[in-house]
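Here's the structure, in structure tokens; my notes come after.
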Amino acid sequence: MAVVAPTRSVSTAKRHEVRIDPSKPLKAEPNTGHNRWHPDIAPILHVDPGDEVILETRDALDGQLTPDSRSADAGSVNLNVVHPLTGPVYVNGAEPGDLLEVKILEVEPASWGFTCQIPGFGFLRDVFSEPFLVRWRIADGFADSPDLPRVRIKGAPFPGTIGLAPSRGLMETIGKREKELLDRGGFVLPPEPTDAIPGGAIGGEALRTVPPRETAGNVDIKQLCAGTTMLIPVYAQGALFSVGDAHFAQGDGEICGTAIEMQSVFHAQFFVRKGEASRRGQNDVAYYRDTYVQAPEIAVPRRFYATTGMSIEKGGLNQSENATLAARNAMLNMIDHLTERGYSRQQAYAICSVAVDLKISELVDVPNFVV
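Here it is as structure tokens:
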């Protein structure tokens, strides 16, 4: 059986750059990006397979928080502007049914970042109802903060939101299923024209950027750092690639709703694997690499402390095969552990979001899963 190789033309590859004014929100420079997903958003750049792109990106909250902000400010952020993305980039030759190969070359971090807890948002939003903010200094590959004494985080920068536009058909399918979920009481952010970029007819029907979908998007996969290659199914002509929401570091789970959020400069190279999404029946993003994401002593530390959780409610009621409940219990136990080390519960919640990894140990020992 023949293996279809990606389209490559490295010898004639070009470099393209999109620069932004990081002091301005996206609405001041709408020609540099968008904050909704829609196939009719005009590309800001056309590239050939093999070309390198350098895209400056805004932070997830579009500059609403600064080094001078305080915790109370996290309680009044406008979530309608999330996420300001740089793009779309039209990749010549990419068609529905292809896979877009995105080689992540580098993610340059900013000099500061933030982690915030927004009321009503996050994995433990029923437990943590007050705003909280950590302001990070980023330098020499590490982040530290006066808001979290004795904590120093090794960086592995990556884009939290990275993906392609849906086709109109996929957009309508997504809209229908998310509306049905909303009607069943699910936590869904439906289309919202307020502060949508672009606005008008597109803003009224475009998809929000918060959930990841078939074309990737807000996947928050911390392994998508320099050296990783993504394979994303193409649904729209030209693929229409966009990126933003950069993270300096994140724990698997990003449980408080934010990582170490920052602006960035994203470097990547695109190739097209013709017909491969259709041939494989691939409807989700995949990725691979052949080097360590981090040095082994960082990725698999010699000294560590782990907590666990099972599918059992605090009052003793046993749920059946509930991984979400097990994850919740594991994180609450870790927060308890960190408070014994002198941190407040909100500080501990922030540490968990940027540095603690959720790991599923088993999904077979019914009725209790272990995380």
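Residue numbers (numbering that gives the first Met the number 0): 0 to 370.
Here a beta-carbon is modelled for each residue, glycine too, at the ideal position from N, C-alpha and C.
Residues that ASP143 bridges to, as DSSP identifies them: Here the question's residue 143 lines up with position 144 in the sequence shown. Note: ASP143 sits in a beta bridge opposite ARG136 and ARG151.
May I ask which residues mark the beginning and end of the alpha helix (DSSP H) holding TYR348? Numbered from its first residue, the sequence shown carries residue 348 at position 349. It spans 344-354 - the alpha helix (DSSP H) in which TYR348 sits, taken as one unbroken run.
Segments of 3+ residues assigned as beta strand (DSSP E) that fall wholly inside the region 1-80: 14-17, 44-46 and 51-56
For ASN367, list the residues DSSP reports as bridge partners. Taking the first residue of the sequence shown as position 1, residue 367 is located at position 368. DSSP lists no partner for ASN367.
Please state the DSSP three-state secondary structure of ARG124. Looking up residue 124 in the sequence shown gives position 125. Coil.
Determine the direct distance from the alpha carbon of ASN77 to that of GLY62, and round the result to whole angstroms. Position 63 of the sequence shown, counted from the first residue, corresponds to residue 62. Position 78 of the sequence shown, counted from the first residue, corresponds to residue 77. Their backbone Cα atoms lie some 11 angstroms apart in a straight line.
What is the rounded straight-line gap between the Cα of ALA285 and the Cα of LEU64? What you label residue 285 is simply residue 286 of the sequence shown in a count that begins at 1. What you label residue 64 is simply residue 65 of the sequence shown in a count that begins at 1. Near 33 angstroms, if we compare the C-alpha coordinates of LEU64 and ALA285.
Could you name the residues of the same chain whose beta carbon sits closer than 6 angstroms to that of ILE311, not counting the 5 residues immediately before and after it, in chain order? If you number the sequence shown from 1, residue 311 lands on position 312. Cβ-Cβ distances below 6 angstroms link ILE311 to ASN317 in the same chain, with the five nearest sequence neighbours on each side left out; the list follows chain order.
If you drop the 5 nearest sequence neighbours on each side, which residues of the same chain put their C-beta closer than 6 angstroms to that of ASP39? For the purposes of this step, residue 39 is taken as residue 40 along the sequence shown, with counting starting at 1. Counting only Cβ-Cβ distances below 6 angstroms, and skipping sequence neighbours, we find ILE201.
Closest to ILE43 by C-alpha separation, out of VAL150, GLU296 and LEU54, would be which residue? Against the sequence shown, residue 43 aligns to sequence position 44. Comparing Cα positions, the closest option is LEU54.
Are there 16 or more other CB atoms within 10 angstroms of the CB of PHE270, so buried, or fewer, so exposed? The residue labelled residue 270 in the question sits at position 271 within the sequence shown. Classification for PHE270: buried.
Do ILE372 and SER110 have their C-beta atoms within less than 7 angstroms of each other? Examination of residue 372 is not possible in this model, given that the chain is present from 0 through 370 alone.
Cβ-Cβ distance between ARG136 and ASP146 below 7 angstroms: Start at 1 with the first residue of the sequence shown, and residue 136 comes out as number 137. Start at 1 with the first residue of the sequence shown, and residue 146 comes out as number 147. No.
Would you kindly report the start and end of the unbroken alpha helix (DSSP H) that includes MET382? In the structure displayed, the chain extends from 0 to 370; residue 382 sits before or after that span and is not available.
Among ILE231, PRO130, PRO29 and PRO189, which residue has its Cα nearest to the Cα of THR208? For the purposes of this step, residue 208 is taken as residue 209 along the sequence shown, with counting starting at 1. Its Cα nearest to that of THR208, the residue PRO189 stands out among ILE231, PRO130, PRO29 and PRO189.
In three-state terms, what does DSSP make of LEU239? The residue labelled residue 239 in the question sits at position 240 within the sequence shown. LEU239 falls in the coil class under three-state DSSP.
Can you tell me where the beta strand (DSSP E) with MET229 in it begins and where it stops? In the sequence shown, the residue the question calls residue 229 occupies position 230. Element bounds for MET229: 228-232.
How about the region 96-112 and the region 122-131: do they share at least three Cβ pairs that are nearer than 8 angstroms? no
Kindly list the residues whose CB is nearer than 7 angstroms to the CB of ALA12, restricted to its own chain and excluding five residues on each side of it in sequence; keep chain order. The count along the sequence shown starts at 1 and reaches residue 12 at position 13. Excluding residues within five positions, the ones whose Cβ falls inside 7 angstroms are GLY49, ASP50 and GLU51.
Out of ALA27, LEU104 and THR85, point me to the one whose CA is closest to GLN268's CA. Translated into the one-based positions of the sequence shown, residue 268 becomes position 269. Out of ALA27, LEU104 and THR85, LEU104 has the C-alpha closest to the C-alpha of GLN268.
Relative to the alpha-carbon of ASN367, which residue among ALA325, GLY185, SER70 and GLN116 has its alpha-carbon at the smallest distance? As a working note, residue 367 is residue 368 in the sequence shown. Here the closest residue by C-alpha is ALA325.
According to DSSP, simplified to helix, strand and coil, what is THR85? Walking along the sequence shown from the start, residue 85 turns up at place 86. Reduced to three states, the DSSP call for THR85 is strand.
Quick one: is VAL299 buried, meaning 16 or more other Cβ sit within 10 Å of its Cβ, or exposed? Here residue 299 corresponds to residue number 300 of the sequence shown, with the count starting at 1. Exposed, by the Cβ-count rule.
Of the residues ALA258, THR193, GLN116 and GLY184, which one's Cα is nearest the Cα of ARG69? The count along the sequence shown starts at 1 and reaches residue 69 at position 70. Nearest of ALA258, THR193, GLN116 and GLY184 to ARG69, Cα basis: GLN116.
Assumed close pair ILE259, ASN34 - CB separation to whole angstroms, cut-off 8 angstroms: For the purposes of this step, residue 259 is identified with residue 260 of the sequence shown, where counting begins at 1. For the purposes of this step, residue 34 is identified with residue 35 of the sequence shown, where counting begins at 1. Wrong, their Cβ atoms sit about 21 angstroms apart, outside the cutoff.
To the nearest whole angstrom, what separates the beta carbons of LEU98 and PRO232, a pair I think is in contact under 8 angstroms? For this step, residue 98 is matched to residue 99 along the sequence shown. For this step, residue 232 is matched to residue 233 along the sequence shown. The Cβ separation is near 6 angstroms, so the contact holds.
Take the Cβ of PHE396 as the centre, count every other Cβ of all protein chains shown within 10 Å, and call the residue buried at 16 or more, exposed below. Nothing about residue 396 can be read from this structure; the chain reaches only from 0 to 370.
Could you give the DSSP three-state label for PRO189: helix, strand or coil? Stepping through the sequence shown from its first residue, residue 189 is reached at position 190. Note: PRO189 maps to coil in three-state DSSP.
SER263 - partner residues in DSSP beta bridges: Residue numbering aside, residue 263 sits at position 264 when the sequence shown is read from its first letter. Paired residues: THR56 and PRO108.
Minimum C-alpha distance to GLY86 - residue among VAL369, VAL242, ASP283 and TYR291: Indexing the sequence shown from 1 puts residue 86 at position 87. The residue with the shortest Cα to Cα distance from GLY86 is VAL242.
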